[in-house]
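**Student:**
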Amino acid sequence: MSTQIRVVLSREVKPIVDQIKQVTSATSTSEVVTLMLTRYGKHFIAWWLSNPHQNELAAAPVLPDEFVIPQTE
């Protein structure tokens, strides 16, 4: 059974995602996020854990422009 993780991207990120899709074989925003986390995940997690304001950001309400990334086992 697959699980889903909800990811919210700000509007400022959309042009970057579109550009990454153009230069890679990614066909969706979901693939771009997977690609970025696969490549830079350890650095991202280290940054996230070192930022004391992440708890405040994590508690913020979910924005309406969200999408769901299906996770396969």
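The sequence shown: position 24 = 39 (this note's numbering), numbered continuously.
Glycine is no exception: its CB is placed at the ideal position from the N, C-alpha and C atoms.
Please read these numbers as outputs of a predicted model, since none were measured by experiment.
(1) Residues in its own chain within less than 8 Å of Arg54 by CB, not counting five upstream and five downstream?
(2) Within the same chain, show all residues whose beta-carbon is closer than 6 Å to that of Val90, passing over the 5 residues directly before and after it, in chain order.
(3) I'd like to check one pair, Ala41 with Leu50: are the Cβ atoms closer than 9 Å?
(4) Alpha carbon to alpha carbon, what distance is there between Phe59 and Asn66?
**Tutor:** The answer reads as follows:
(1) none
(2) As shown, the chain starts at 16 and ends at 88. That puts residue 90 outside it, with no answer to give.
(3) yes
(4) 11 Å
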